[in-house]
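Chemist: Chains as they are written, first to last, in our numbering: chain A, 1 to 745; chain B, 746 to 1490. Beta carbons are placed, not taken as given, at the ideal position from N, Cα and C, and that holds for glycine.
Protein chains: 2
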Amino acid sequence: MANITKKVSWSSRGDESGAAGEETPLLNGSEQSRPLRQSLDYDNIENQLFLEEERRMSFMAFRCLEISRWVICGLIGFLTGLIACFIDIAVEQLAGLKYKLIKENIVKFTEAGGLSISLLLWAALNSFCVMFGAIIVAFFEPIAAGSGIPQIKCFLNGVKIPRVVRLKTLVVKVVGVIFSVVGGLAVGKEGPMIHSGAVLAAGVSQGRSTSLKRDFKIFEYFRRDTEKRDFVSAGAAAGVSAAFGAPVGGVLFSLEEGASFWNQMLTWRIFFASMISTFTLNFFLSIYHNKPGDLSNPGLINFGRFESEAMEYNLYEIPLFIAMGAIGGGLGAFFNFLNYWLTIFRIRYVHRPCLQVMEAMLVAAVTATVAFVMIYFSTDCQPLGPDHTEEYPLQLFCADGEYNSMATTFFNTPERSVRSLFHNPTGTYNALTLGLFTLTYFFLACWTYGLAVSAGVFIPSLLIGAAWGRLCGILLASTTSTASLWTDPGKYALIGAAAQLGGIVRMTLSLTVIMVEATGNVTYGLPIMLVLMTAKIVGDYFQEGLYDLHIKLGSVPFLHWEAPATSHWLTAREVMSSPVTCLNRIEKVGTIVDTLSNTSTNHNGFPVVVQPAKLCGLILRSQLIVLLKHKVFVELARSRLTQRKLQLKDFRDAYPRFPPIQSIHVSQDERECMMDLTEFMNPTPYTVPQDTSLPRVFKLFRALGLRHLVVVDDDNRVVGLVTRKDLARYHVGKHGLEELHLAQT
Amino acid sequence: MANITKKVSWSSRGDESGAAGEETPLLNGSEQSRPLRQSLDYDNIENQLFLEEERRMSFMAFRCLEISRWVICGLIGFLTGLIACFIDIAVEQLAGLKYKLIKENIVKFTEAGGLSISLLLWAALNSFCVMFGAIIVAFFEPIAAGSGIPQIKCFLNGVKIPRVVRLKTLVVKVVGVIFSVVGGLAVGKEGPMIHSGAVLAAGVSQGRSTSLKRDFKIFEYFRRDTEKRDFVSAGAAAGVSAAFGAPVGGVLFSLEEGASFWNQMLTWRIFFASMISTFTLNFFLSIYHNKPGDLSNPGLINFGRFESEAMEYNLYEIPLFIAMGAIGGGLGAFFNFLNYWLTIFRIRYVHRPCLQVMEAMLVAAVTATVAFVMIYFSTDCQPLGPDHTEEYPLQLFCADGEYNSMATTFFNTPERSVRSLFHNPTGTYNALTLGLFTLTYFFLACWTYGLAVSAGVFIPSLLIGAAWGRLCGILLASTTSTASLWTDPGKYALIGAAAQLGGIVRMTLSLTVIMVEATGNVTYGLPIMLVLMTAKIVGDYFQEGLYDLHIKLGSVPFLHWEAPATSHWLTAREVMSSPVTCLNRIEKVGTIVDTLSNTSTNHNGFPVVVQPAKLCGLILRSQLIVLLKHKVFVELARSRLTQRKLQLKDFRDAYPRFPPIQSIHVSQDERECMMDLTEFMNPTPYTVPQDTSLPRVFKLFRALGLRHLVVVDDDNRVVGLVTRKDLARYHVGKHGLEELHLAQT
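1. Using CA coordinates, which residue listed in B/Gly1073, B/Phe1090, B/Met1274 is at the minimum distance from glycine 1248 of chain B?
2. Can you list, in chain order, the residues of its chain whose CB lies under 7 Å from that of valine 1464 of chain B, leaving out five sequence neighbours each side?
3. Leucine 860 of chain B to phenylalanine 1156 of chain B, Cα distance in whole Å?
4. For the ligand NAD, any of its heavy atoms closer than 7 Å to the Cβ of glycine 1073 of chain B?
5. Can you give the Cα-Cα distance for histidine 1375 of chain B and glutamine 1368 of chain B, rounded to whole angstroms?
6. Could you pull out every residue in the same chain whose Cβ sits closer than 8 Å to the Cβ of leucine 101 of chain A, ignoring the five residues on either side in sequence?
7. Please state the DSSP three-state secondary structure of leucine 901 of chain B.
8. Using the three-state DSSP reduction, which class does cysteine 1143 of chain B fall into: helix, strand or coil?
9. Count the other C-beta atoms from every protein chain shown that fall within 10 angstroms of the C-beta of glutamine 382 of chain A, then say buried if there are 16 or more, exposed otherwise.
10. Give a yes or no on whether the minimum CB-CB distance between lysine 7 of chain A and chain B is below 8 Å.
11. Relative to the alpha-carbon of valine 1320 of chain B, which residue among B/Thr1326, B/Ser1312, B/Cys1327 has its alpha-carbon at the smallest distance?
12. Determine which residues share a DSSP beta bridge with histidine 423 of chain A and list them.
13. How far does the alpha helix (DSSP H) with leucine 842 of chain B in it reach, from first residue to last?
14. With a threshold of 8 Å between beta carbons, is arginine 69 of chain A in contact with chain B?
15. Check whether chain B comes within 8 Å of threonine 480 of chain A, counting only Cβ atoms and requiring the distance to be less than that.
16. For leucine 1422 of chain B and leucine 1328 of chain B, which I take to be in contact (beta-carbon distance under 8 Å), what is that distance rounded to the nearest angstrom?
17. Counting contacts by CB-CB distance shorter than 8 Å, is methionine 1426 of chain B in contact with chain A?
18. If we ignore side chains and look at the alpha-carbon of each, how far apart do serine 941 of chain B and serine 1123 of chain B end up?
19. Starting from glutamate 587 of chain A, follow the beta strand (DSSP E) in both directions and report where the run begins and ends.
20. In the DSSP assignment, what residue or residues form a beta bridge with valine 1354 of chain B?
21. When the cut-off is 8 Å and only beta carbons count, does serine 58 of chain A lie next to chain B?
22. Can you tell me which of the three DSSP states leucine 559 of chain A falls into?
23. Run through DSSP, which three-state label would valine 927 of chain B get?
24. Under the three-state reduction of DSSP, which class applies to tyrosine 316 of chain A: helix, strand or coil?
25. Tell me whether the beta-carbon of serine 454 of chain A lies closer than 8 Å to the beta-carbon of glycine 176 of chain A.
26. So, for alanine 452 of chain A: in the same chain, excluding its five sequence neighbours on each side, which residues have a beta-carbon less than 8 Å away from its beta-carbon?
27. Could you pull out every residue in the same chain whose Cβ sits closer than 7 Å to the Cβ of arginine 223 of chain A, ignoring the five residues on either side in sequence?
28. When the Cα atoms are used, what is the spatial distance from methionine 802 of chain B to aspartate 726 of chain A?
29. I'd like to know if alanine 728 of chain A contacts chain B, where contact means its C-beta is closer than 8 Å to some C-beta of that chain.
30. Quick check: what's the CA-CA separation for glycine 74 of chain A versus threonine 280 of chain A?
31. Rounded to the nearest angstrom, what separates valine 916 of chain B and valine 531 of chain A at their Cα positions?
32. What do you reckon, are the CB atoms on tyrosine 1186 of chain B and serine 1150 of chain B nearer than 8 Å?
33. So, is the C-beta of lysine 1470 of chain B closer than 8 Å to a C-beta in chain A?
34. Going by Cα to Cα distance, which pick from B/Gly1299, B/Phe989, B/Leu1239, B/Leu945 is closest to serine 978 of chain B?
35. Candidates A/Ala499, A/Glu92, A/Ile194, A/Cys85: which alpha carbon is nearest serine 747 of chain A's?
36. For histidine 550 of chain A, report the span of its alpha helix (DSSP H) as first-last.
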C-alpha cells in the first residue's frame, strides 16, 4: 500500500527544478528517483536585497504596484472568460455536428432496420474524439488529465506540482476538454476551467512565458511565490466564476482552498477577476447567441431560473431534504470508494500512455453503447409540445409527435441534461427512466474520472444527483394523495444534485454559494446548505472527498486547516527534523556545493549561523544556487573590483526554474573560495522555542504561509527545522493521532 | 484637536475591568483618568495550566467541544432571528398606529382647515417616541447609541470597548431602535441588528450573564477572548443576515471586519449562524403575515424581487453606472465631512445626557415638520391604481382617487420608501419631488447620525441614493428620444442606493454581496461592484468612511489590514516600547504589586526572564491579578500543604472582568513573599529579532491575532515589547508615513 501510494499519475513525470529539496519522488514506471515537487516558497527572495528594494520604494511605487495588480486581475478575468467562451462555443458546435449526424443516421435506420450501424457510428465518433483528447494528454502533458482541481488545491496550499501552471498544460487542457465533452464521456467542462484560470493567472502575472521564450519585461516585481500564488487564487476564482456564473462562489472557493491569511485587498481583487470573468463570458456569449448586450445569463453551466412561486419550499420539506443529503453523502462515498480502487488499479496496470489512450477509447465506446441500448429499450415516450426545449429530440420508436424521454438524458451534452432535469415540466420523465439512468450513469462517471483525459466531475455528479433527486420527487408525489404539495420534481432534482455533488467533492461553503448563484435564487440557500452539510458529514464517515483522496494518493505534504485535535501534547521538539544542516555566515564554497548535492540533506532552506550555532539568518537552496551560478565568492569580488554586483534581478530571472546543482560547475580551486551569505540571507527568519506545541507551530505555518520554521533553544541556538512535511505527517486516524508515511520522509 | 479626539461618546464612560493596562483614557466630562478599554487578549489563558488541560483532552472531548460550538452558533442565529422578528413586528405595529392616527387627523383637517394641528400632533408623537428612545440610551447605556457597527468593528479587530457586549446594552439597543424608527427619525433598524447579534453571541457563548448574575456552568471552555471573539463574529454575521436576508453577505461582513486567520470550520459555523438567523426571522414573519411556511421573503429590509426581464442592463449603461458611483462617492464624502464636524461639535457641547435627549427630540420634531411642509406644498399627485402598494396613501389636496406622491417617501417607514423607489412603476414620482426629497433627507440623515439614539445609517443612505438614482433615471429617460432604453427608473434607484451607501460606509465586498442577496438578483453583481468600487475610490480621495471616522475619533488602536505601504524601512527596534518591565521567574510579590500599580508601566503583558534578562515566558496582567487574589505564594504553599491548587477554573471564573489591582489587598508581610510564575506563564511567547521589518511584525499581529510581541536580541534577551498601539500609530498621511497621536501613547 505504501508502495502504491508512491505512484500516481498527475504528479509523476519530469521535474520542475533540479533541486533535490524536500522532494517526494512519486515514481511512475521508468522514471526513478527524480525529485518531483517542492513547496512554494513564501519568503523566497525576502533577503537583504529584496528588503532594500522595498525600503527604497516610494509611496508612488507602491501605488503603481497596486494598480498593476488590479490590471493583472482584470486581464486574468478577461482571458479566463474568453477561454470559457471558446470552450463553450467549440463544444456546442462540435457536439451539435455530432448529434445531428447521428440523429440523421438513426432516423434513416429506424424505419429500415439496421440500427446497429447507427450504434457503430456513434461509438466510432465518440472513440475518435476521445482518442484525440487522450493522446494529447497522455503523450504530451499528463498533468492536464482530470479536472485539475486537486492540483490547484495543492498549489494554493503551498505545494508546487511540476508543470501545473505552464502554457502547454493550458493548451492541452483546453483542447482536451473540448474533445472529451464532444466525445460523449460522462464529464463536464467546468472543473478544467478552474485549472485554466489558474494557469492563465500564473502566466499573465509573471509577464513572460518560458514555453514561448518571451519575456515582456513587465511585472517583474511579481516574480516570487507569494505574489504568484495570490494571482493563481484569482485565476482559480475567475475559473469557477466563468464555469458557474458564480463570482462570489469563486471567491469563496479560492479562500476555502487557498487562503491562509485573509487579506482584504487581495480578496477584493479576486472578486474583481471573478466578476470580469463572468462578465466577459456573458458578453461574448450574448454576441454569439445574437443577443448582444444581454448580460443576464452567466456561466458555462446555467441552471436556469428557478421561479420562486413554483419552487417554494416549506418547513416540513426540510427533513426530506436532509434525508436526501444523507443519501447523497452515502452515494458519494461509494463513488469515491470505487474510484479510489480504480485509481490504484490504474496506477498499477494502466500507466503506459498508449494503454491510457486505449482505456479512454474503450470508455467512450462503452458509454455510447450503453446510452444506445438504454434509449433503444426505453418505452418512455413523451409528447413533443410546441415549447419543447430539446435540441435533438429522438423519435425512434415513439409515435409521431412524441419523442424518446431517455434520449433527453443521454443524447445530449450533460449540461443540457441537467437543465432538463431541473426544469422540464412534471411528467417529462417516468420513474423507470430516471432510475435506470442514475444507475448506469453513476458507474460510467465513476469509471471515467481518472482517465487520461481533461475533464471535470462536477457536471456528471450534478446529473446523477438530479436524476435520483427528480426520481425522489416523482415517488413522493405518487405516494401522497395531496399531489399538489410536491408538484415540482425539479426542486428535488436540484436538492439531489447538490447532495450528490456534495457527497463526492465535500466542498461546503463555496459549493453552497455556487449552487445559489447558479440557480439565481437566494431562497434555496438554507436547504442547500443543510443538504451539503449532511452529505459531508455522512460521506466523511465512510470515505474522504474525491479530491482529497487523489491528493492523498499523491502523498503530498498537504496542510489541512488546523492541527489534528489531539496533537496538543506534541511539541516542536518532537516534530522537527534534527540535526539540521547549518551554514556559516561566511562559508566555504565546497561545503555549500556538498550540502546541496547531498541527497540526504533534503531541505530547501538552511539556517545560517555564527559560531557557536547561533542563528543569524535563513538562506534558501534556490538562492544558494543563484549565488553559485554567478560565482559570488569573496575572493573573486576582491580580485575583480569592477564586477557587477549581484542584483535582485538575477534572482527574479532565475525564478521559478532554478537550475539543479548538478548543472553548476564549480572547479576545485573555486571550492576553496568563501561565500559571504550575509547580504542574501533572510536576516529575520521566524523562530519558535522547542516547547512550542504542534497546534501553535501549525498555526504559524498556515497563517503566515511558512515553509521552514527554525527551532531554537533558549540561547537562540539552532536545534532543528520544522518543514511542511513534518506537519503534514500527523493526522487523526481511527486510533487517535497517527503518523502518515509520506514518501521518503 | 488632539484634545477633542480624546472625548467621544461611544467609548467614554465607565470601565470594563479595573486593569490599567494599555489604557486609552478617553475622558468625558467629570469622569477622569479611568482606564477605558483594553485590547482583546488572544492568548490570555494559554498558560501551562491551559496547555495541560488541552493535552489531557481526548479526541472525544475535542469533538464535544466542536459540537458545542455548532450548537452555540445555531442558538446565536436563532435568537438573533427572534430579536429581528420582534423589532420588525414592534416597529410595524407602533408605526402603523402612529401613521393611522396622523392620517385620520390629516384627513379630518384637510377639508376643515387647521392642518397645523396635524403638524403639531405629528411632531409631538415623533418627539415623544424619540425622547423615550434617547433617554434610555443617554442615561442608561450610552454605548448603545448609533448603529454599533464601529464598536463591533473595533471588537472584532481586537480592541475591547467597555460594556459593548453586555445584556443591558442589548436591551437598550433593541428598545431604543424601535422607538427611534417609530419616532420617524431618518434612521434604519438594520445596523443595530449587527450589534444585537454580537451581544447575543457574546452572552450565549459564555453560558452565563454577569448582569443577571446567572452562571449556567456550561460552555466554560469558551471563556476566553479567542473563542468569544469567534462567536461574536458569528453573531455579527447573523445580525447582517437577519437585517438584509443576506447570509453570505453576513459571512463576508464578519470576515471583512474581523477575521485575520481564515479558518474554514469557523467560517462555516458563521455561515450556519447566518442561515439559521435568516431562516428564523423568515419563519416567524411568515406566521405573523399569515402565510406560515412561506420562506421566500428573507430579511428585515427586503428590496423586493428585481425581475430580470424588466431590469436588464446593457453594456453601454455601465459607464453611466460608474458615473453614478462617482456621484455617490462624492456625496458620501460630503455626508461624512458634515457628520465629522457635527460629531466634534457634539463632543464639545452636547455631552450632557439631558442635552442629548433634547437634541434628539429637536431632530424628531424638525424631521416631522420638514416632512409635513414638503408634503403640504407638493403638487405631485398620482392616480391610486387598483394594485397600489402604499400602506398609508395620503390624499391631502389631490383629486379623489389620487394620492400625494411626496407622502410615499416621507409618510412611511424608510424601508417601505426604499422599496417604493425601487419598484413603483415609471411615472410614480416626478423629478421635483425626488430632488427635494434627496436634498432634505440628506441633511436630516446627516444630522441624525450620531444622536444619542440607537439607530442605523444603512437605510437612510439607501433612501437618499435611491431617490437621486431614480431622479437620474427619470432625467435620462427625458433627455433621450428612445425612451424605451431607460424604461425602468427602478434600476437606477438601485444603483444610486448602492453608490450612496458605498460612498458613506465604504464597505466593498460584503456590501456587494449584501446588495445582490437583498435584490435576489445575481445579474446586478458586476454593476453594483463597479459602483461600490468607484464610490470608494472617489470617496476615499476626500474623506474616510463614516465608521472609520468615528473609530478615529475614538483614537482606538485599530489595526488595518496591512502595514502602511512605505513602512518597510521601519524595524521592530524603532517601533517597540523600550525599556520594558520584565519579571523574574520567581518574583517578589511586592515587586509585582508595584509593577501592576504603576500607571506608567502601562502594559497588559510582561515578559518573564531568567537572569540575565533571558526570555523564558510571558505573563499577563490578568493572570497576575488572579494569582495575587488567590495568594499563590511560594511560602504559603510550603506552610499549607493541603491548600487547593490554583486551577484553570479560577482564571475562567474571573474572566472577563478581572478586578483592578487596587482592590486586591496585599499585606506588608505578604509583600516579602515570592511568587513562582513558571506554572502560569505562557512558556513559548512569539518573539522577533530586532531587525524584523514593520510589515512583517504587522503581519504576525494580524495573522495570529497577537497583542504582545516580545523583541529579543541575538542571545534571546528581552530588548522590547511591541503592542498593538505601537503598530496602530503609523499611517500613511499626505506627507508619507506619519505617526498618529494616539491618546496617551
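Modeler: Inspection of the coordinates gives the following:
1. B/Gly1073
2. Ser1323, Gln1435, Val1456, Val1457, Asp1458
3. 15 Å
4. Absence of the ligand NAD is noted for the structure shown, with no ligands found whatsoever.
5. 11 Å
6. Leu121, Leu125
7. helix
8. coil
9. buried
10. Note on lysine 7 of chain A: pLDDT 37, under 50, position unreliable in the model; the coordinate value appears next. Answer no: the Cβ-Cβ gap between lysine 7 of chain A and chain B never drops below 8 Å.
11. B/Ser1312
12. DSSP lists no partner for histidine 423 of chain A.
13. 804-857
14. no
15. no
16. 7 Å
17. no
18. 39 Å
19. 586-588
20. B/Asn1329, B/Leu1360
21. yes
22. coil
23. helix
24. helix
25. yes
26. Ser9, Ala134, Val137, Ala138, Pro142, Ala145, Pro353, Gln356, Val357, Glu359, Ala360
27. Gln206, Arg652, Tyr655
28. 23 Å
29. no
30. 10 Å
31. 36 Å
32. no
33. no
34. B/Leu945
35. Residue coverage of chain A in this structure runs from 1 to 745, which leaves residue 747 of chain A outside it and unanswerable.
36. 546-553
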